[in-house]
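>
There are 2 protein chains.
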Amino acid sequence: MTATPGLGARSLASPGLLRSVFRRHAAGVAVITAQGDGGPVGFTATSLTSVSAEPPLLSFGIGTGASSWPAVSEAGHVGVHILGEHQEALAGTFARSGADRFGPPTVWREGPEGVPVLEGVLAWLVCRVVARVPAGDHRIVLAGVVHGDSSGEGRPLLYHQGRFNTLRD
Amino acid sequence: MTATPGLGARSLASPGLLRSVFRRHAAGVAVITAQGDGGPVGFTATSLTSVSAEPPLLSFGIGTGASSWPAVSEAGHVGVHILGEHQEALAGTFARSGADRFGPPTVWREGPEGVPVLEGVLAWLVCRVVARVPAGDHRIVLAGVVHGDSSGEGRPLLYHQGRFNTLRD
Numbered sequence: 015m016t017a018t019p020g021l022g023a024r025s026l027a028s029p030g031l032l033r034s035v036f037r038r039h040a041a042g043v044a045v046i047t048a049q050g051d052g053g054p055v056g057f058t059a060t061s062l063t064s065v066s067a068e069p070p071l072l073s074f075g076i077g078t079g080a081s082s083w084p085a086v087s088e089a090g091h092v093g094v095h096i097l098g099e100h101q102e103a104l105a106g107t108f109a110r111s112g113a114d115r116f117g118p119p120t121v122w123r124e125g126p127e128g129v130p131v132l133e134g135v136l137a138w139l140v141c142r143v144v145a146r147v148p149a150g151d152h153r154i155v156l157a158g159v160v161h162g163d164s165s166g167e168g169r170p171l172l173y174h175q176g177r178f179n180t181l182r183d
Numbered sequence: 015m016t017a018t019p020g021l022g023a024r025s026l027a028s029p030g031l032l033r034s035v036f037r038r039h040a041a042g043v044a045v046i047t048a049q050g051d052g053g054p055v056g057f058t059a060t061s062l063t064s065v066s067a068e069p070p071l072l073s074f075g076i077g078t079g080a081s082s083w084p085a086v087s088e089a090g091h092v093g094v095h096i097l098g099e100h101q102e103a104l105a106g107t108f109a110r111s112g113a114d115r116f117g118p119p120t121v122w123r124e125g126p127e128g129v130p131v132l133e134g135v136l137a138w139l140v141c142r143v144v145a146r147v148p149a150g151d152h153r154i155v156l157a158g159v160v161h162g163d164s165s166g167e168g169r170p171l172l173y174h175q176g177r178f179n180t181l182r183d
């Protein structure tokens, strides 16, 4: 792969153009968790995507300035949770700076590999982190599926133009 | 970053678990294009995500067995198009094996850097490829924004549980 240093100088377009294009895009909403030295951490992500079937890999992005980054930068495993349309408040809690993300009303338990697992989601996975790829002011975390459950029912929570939404059908 | 060789042996879960979890996830629909030696190529992607603001970077996944991969593996630039809810047929054309993707009724032109740009989309970008990160049977393509337009109007096309959908509101 190509290294990223020097990208800034060669990028011709503004962050504003990227932002305005992605305001027209919609994404599913996930919460990523990890066990840090100081306790559980987690954040709301709209960048979760399935990457590879063989082996089963997924990825998500995290800013290097995010409060969860110190823990995620060292974590061997992470939790990945697909939120349902009824979980807008949970998504807000894990997006809001300074919120007590794991206090009530958040319901969670220590899951496989010691990873915090949130209750009531559509599906969750515990994944082993296999790479943290530098990408400007973020890292792309690549992780392999180790454990999980997909028995939740309901429609997914979506994010579009700065607010939560859900599917029409 | 960590290299990926050996991942397969250490991955404990099946592709089926990853697939069933991501069936509960929803994603926006994009078409990625590139100019290949043999003419324009393109494919429908549900893995497009914004990655970094500074510099402005995005990413998408592509299988190394995909018909577009030989061109995308060598392309200096790619086109990224956000599809609207009215473009289900276009998404189908760029997903269907053997389809004439750039023949009628597809409307396109040669855009900046010689990249094929599709007409009628919600927004498009021409991006410079900065990395192709190995990830199992796929590559994560990381690209920096160079040109684009986000003046299209309408709601985005979504993909969920194997079919197209759109936003409720």
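The listed protein sequences derive, respectively, from chains U and R. My numbering runs 14 ahead of the 1-based position in the first sequence. My numbering runs 14 ahead of the 1-based position in the second sequence. Each residue gets a CB set at the ideal place from its N, CA and C atoms; glycine is no exception.
1. Nearest chain U C-beta to histidine 91 of chain R closer than 8 Å, yes or no?
2. By a C-beta neighbour count over all protein chains shown, 10 Å radius and 16 as the cutoff for buried, is histidine 174 of chain U buried or exposed?
3. Kindly list the residues whose CB is nearer than 7 Å to the CB of glycine 158 of chain U, restricted to its own chain and excluding five residues on each side of it in sequence; keep chain order.
4. Just grab the DSSP bridge partners of glutamine 124 of chain U for me.
5. Could you say if the stretch 102-118 of chain U and the stretch 73-80 of chain U meet the contact criterion of at least three C-beta pairs nearer than 8 Å?
6. With DSSP run on the structure shown, which of helix, strand or coil describes phenylalanine 57 of chain R?
7. Where do the N-terminal and C-terminal ends of the alpha helix (DSSP H) with arginine 33 of chain U fall, by residue?
8. When you compare the CB positions of phenylalanine 36 of chain R and alanine 59 of chain R, do they come within less than 8 Å of one another, or not?
9. Express the C-alpha separation of phenylalanine 178 of chain R and proline 170 of chain R in angstroms, rounding to a whole number.
10. Is DSSP giving alanine 23 of chain U helix, strand or coil here?
11. Measuring straight from C-alpha to C-alpha, what distance separates histidine 161 of chain U and glycine 90 of chain U?
12. Whole angstroms are fine: how far does the CA of isoleucine 96 of chain R sit from the CA of glutamate 133 of chain R?
13. In whole angstroms, what separates the C-alpha of glycine 117 of chain R from that of threonine 120 of chain U?
14. Going by other Cβ atoms of all chains shown within 10 Å of its Cβ, with 16 needed for buried, is leucine 32 of chain U buried or exposed?
15. Taking its Cβ as the centre, do 16 or more other Cβ atoms sit within 10 Å of alanine 103 of chain R, making it buried, or is it exposed?
16. Is any beta-carbon of chain B found at less than 8 Å from that of threonine 63 of chain R?
According to the structure shown:
1. no
2. buried
3. Pro69, Pro70, Leu71, Cys141, Arg142, Val144
4. The identity of residue 124 of chain U in the sequence shown is glutamate, whereas the question assumes glutamine. Answer by DSSP bridge pairing, in chain order: U/Pro130.
5. no
6. Residue state for phenylalanine 57 of chain R is assigned as strand, using DSSP reduced to three classes.
7. In the DSSP assignment, arginine 33 of chain U falls within the unbroken alpha helix (DSSP H) covering 29-36.
8. no
9. C-alpha separation (whole angstroms): 11 Å.
10. Note that alanine 23 of chain U has pLDDT 34, beneath the 50 cutoff, so the model's placement of it is unreliable and the number below is only indicative. DSSP, read as helix, strand or coil, puts alanine 23 of chain U in helix.
11. 14 Å
12. 11 Å
13. 52 Å
14. By the Cβ-count criterion, leucine 32 of chain U is buried, with 16 or more other Cβ atoms from all chains shown falling within 10 Å of its own Cβ.
15. exposed
16. Within the model displayed, chain B is absent; protein chains U and R are what it includes.
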